Structures are given as structure tokens and as C-alpha cells.
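First the structure, in the form of C-alpha cells, and then the observations on it.
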Amino acid sequence: MSSNSFPDPSSVRFDGPWTHRDVHANGIRFHVVEADGTDRAEAPLVLLLHGFADFWWSWRHQLTAIAGHGYRTVAVDLRGYGDTDKPPRGYDGWTLAGDIAGLIRALGHTEATLVGHAEGGLVCWATAVLHPRLVRSIALVSSPHPAALKSAVLRDPAQRATWLPDFLRYQLPRYPENLLTRRGGAEVERLLHDRVGESWSRTAEFVETASRMRHAIRIPGAAHSALEYQRWAFRSQWRPDGKRFMATMRTPIDIPVLMLRGERDSYLLDATFQRGKSLSPHRTLVSIPRAGHYAHQENPSKVNEVLTTHWREQNGVNGSPPHDDLVSP
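Numbering (full-length UniProt numbering), first residue to last: 1 to 329.
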């Protein structure tokens with residue numbers, strides 16, 4: 001492939017102990033990746049949602065590990081990313097939550113546990129608030145409650161200094177798309193390098209991860225779609241739909257919430273995660289050692305242990321996942 005060509009969306013369908021599928025939900029086609037051997041009637045559903053400028057492969061370590069504990073584990077290319085459709089609209093919080101609600105039903109389930117990283121975590125929060133009957137619990141990696149993040153950016157100079165510059169830069173027209181895709185997607189590698197722990201940034205896995213993220217962001221339409229998430233989050237603050245969305249998001253959620261933060265995350269600060277307790281009263285905060293903003297990739301064994309232990313304790317049944325009634329797709 002020449003440096004001037006753009007990757008085909010199907011090029012992110014990497015081989016592994018999983019199966020690639022196309023699932024139609026909420027009016028578009030989603031590319032999902034399911035751990036092999038987990039499509040069983042008694043297996044409760046876990047959906048894995050990636051963050052900004054990323055794609056399903058971010059969850060490679062969780063796909064098989066969580067499936068090994070009896071869950072039907074599915075990683076998703078979110079709207080606009082990877083090999084999922086890239087429509088011109090629908091990057092608002094309402095529609096993104098509707099995407100996940102539709103996926104749960106399209107996969108034949110009545111409820112799911114959602115796990116999200118960064119922006120994927122914000123989609124988890126929104127789905128839990130807007131579609132509470134479909135969400136059993138949520139787990140967030142580097143993703144504080146959106147109202148808590150907004151409060152921190154407004155009131156905490158340290159958090160504002162780390163988070164706001166890139167966010168504002170991405171609001172410009174056309175320039176950010178070029179920034180993310182030029183030089184083979186080098187900007188994505190910069191973001192990854194700046195936000196992970198120093199030790200992981202020197203590993204061969206970091207090099208492979210950066211290469212695959214650079215590849216995926218250059219799929220036609222992916223960079224624009226990724227930026228539309230952040231543009232809606234900014235511009236909607238002055239529009240009725242955005243004000244209504246944030247007001248709705250301040251509805252407390254009455255389900256278990258597990259919040260994971262890499263202890264070396266210099267992008268989203270610990271004080272930010274301490275905010276918003278009243279919005280998720282059944283929350284548990286866990287610090288992941290030897291990890292920065294991408295804890296699920298930097299220290300996957302610890303993240304997997306925390307996730308499965310939390311669910312086991314939540315269910316109170318010797319490691320068995322809860323029964324999930326299935327419906328016909």
C-alpha cells in the first residue's frame with residue numbers, strides 16, 4: 001500500500017480467536033467482533049466500546065479473557081469508526097446511546113453490561129441514563145461521568161490544562177481531519193504516546209498498537225466521524241438539545257458502576273474521578289497500577305481481574321455470571 005492510498009474499512013478485520021460480524025441496529029450497519037464460543041443462550045452479554053481515534057482492537061485482551069468467565073463478549077466499532085458505517089449525522093449523545101440500545105436488542109438480548117474506554121465510556125454513561133432497562137451495569141476505563149468532567153474542566157485549572165487544548169483544536173473545520181490523517185496518522189501515535197505510561201511506550205506492543213491505530217484512522221471518513229463526537233460535545237452546549245442532554249445526564253443511575261483509572265494517567269486527573277458521587281451512588285473506583293490513560297491495554301491482566309472480580313462479587317454466586325433472558329434477534 002502506498003503512503004498516499006487509504007485503507008479499506010475491511011482491513012481492520014484482523015484474525016484471532018474471535019468472529020467478525022455485521023449487525024444492523026438504529027439504522028446503520030455495525031462491525032462487531034465476538035469472542036469464539038460465547039454465543040450461548042445462558043451467556044450474559046458484555047459490550048466493549050472503544051475511545052477516540054481507536055477501534056475494536058483496543059479490546060483484544062479483554063475479548064477472550066472475559067469470555068473465559070462465561071460471558072458473551074462483543075467488541076464494537078462505534079458509529080463512524082473501523083468497518084462500521086460512517087453516516088454524515090448521528091454523533092450526538094442521544095443517537096449514540098440509541099446505537100448501543102439497538103445493538104443489545106439486535107444481538108438478541110434484553111440487557112447487557114457495558115464496558116467503555118474514554119469516549120466509549122461516555123456512551124456507556126449515556127446509554128445507562130437513557131435506556132436504563134437495557135443496562136445491567138457499566139464499567140469505565142478512563143471515563144469520568146460527563147457532568148463531572150465538565151465541572152472539572154470549568155473549575156480545576158490542572159484538568160483544564162491537560163484536557164482542553166486538543167479538544168478546542170479539534171473544533172476547527174477541516175484542519176483536524178488533516179491533522180489526524182497526514183504523515184500516516186502520526187498525530188494518533190502522538191496522542192497515544194503522550195497519554196500512556198512511560199514503560200509501556202517503550203514496548204513492542206506499543207509500536208504495534210500505534211501502527212494499527214494509525215492505519216484505522218486513515219480509513220475514509222473515520223477521522224471526520226471521530227471528530228464529530230467532540231464537535232457535538234462542544235457545540236451542543238449552546239443549543240437546546242445539548243443543554244437538555246446534559247440536564248438528563250445528571251439523573252442518578254441506580255446500577256453498579258465500576259470506574260477504572262490508570263494511576264499514571266496525566267490526561268484525566270484523579271480529582272476529576274472523585275467528582276459526581278451523587279450521580280452514580282453505587283460506584284466503585286479502582287486505580288490500575290503501571291498504567292496511564294489506556295489501562296486496558298497497558299495492564300490488561302489487572303483490568304481483566306478487576307472487571308471479573310467486580311462482576312462476581314456483584315452477582316454473589318461463586319463466579320457464575322447472572323442469567324440473561326434472550327430474545328429473538
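Just so you know, even glycine gets a beta-carbon here, dropped at the ideal spot from N, CA and C.
Every value quoted in this text rests on a predicted model; they were computed, and no experiment measured them.
Count the other CB atoms, across all protein chains shown, that sit within 10 Å of the CB of residue i; report buried if there are 16 or more and exposed otherwise.
| i | result |
| --- | --- |
| residue 158 | exposed |
| residue 27 | exposed |
| residue 199 | exposed |
| residue 172 | exposed |
| residue 244 | exposed |
| residue 5 | exposed |
| residue 62 | buried |
| residue 126 | buried |
| residue 248 | exposed |
| residue 218 | buried |
| residue 113 | buried |
Give the DSSP-derived three-state secondary structure of residue i in the structure shown.
| i | result |
| --- | --- |
| residue 6 | coil |
| residue 317 | Annotation note: pLDDT 41 at residue 317 (below 50); position unreliable, no value reported. |
| residue 275 | coil |
| residue 247 | helix |
| residue 34 | strand |
| residue 291 | coil |
| residue 99 | helix |
| residue 120 | helix |
| residue 261 | strand |
| residue 24 | strand |
| residue 53 | coil |
| residue 283 | strand |
Could you tell me which residues DSSP puts in a beta bridge with residue i?
| i | result |
| --- | --- |
| residue 305 | According to DSSP, which records beta bridges pairwise, residue 305 is partnered with nothing at all. |
| residue 18 | 35 |
| residue 137 | 113 |
If you draw a straight line from the C-alpha of residue i to the C-alpha of residue j, how long is it?
| i | j | result |
| --- | --- | --- |
| residue 111 | residue 128 | 11 Å |
| residue 58 | residue 297 | 7 Å |
| residue 193 | residue 51 | 15 Å |
| residue 266 | residue 294 | 11 Å |
| residue 135 | residue 48 | 13 Å |
| residue 140 | residue 9 | 27 Å |
| residue 85 | residue 97 | 16 Å |
| residue 268 | residue 162 | 7 Å |
| residue 93 | residue 25 | 16 Å |
Does the stretch 277-291 come into contact with the stretch 35-48, if we say contact requires no fewer than three beta-carbon pairs (one atom in each stretch) closer than 8 Å? no
Would you check if there are 3 or more beta carbon pairs closer than 8 Å linking the stretch 227-239 to the stretch 78-95? yes
Touch test, the stretch 167-180 against the stretch 295-308, Cβ-Cβ under 8 Å, three pairs minimum: no
Counting beta carbon pairs with one atom in the stretch 210-229 and one in the stretch 245-255, are three or more of them shorter than 8 Å? no
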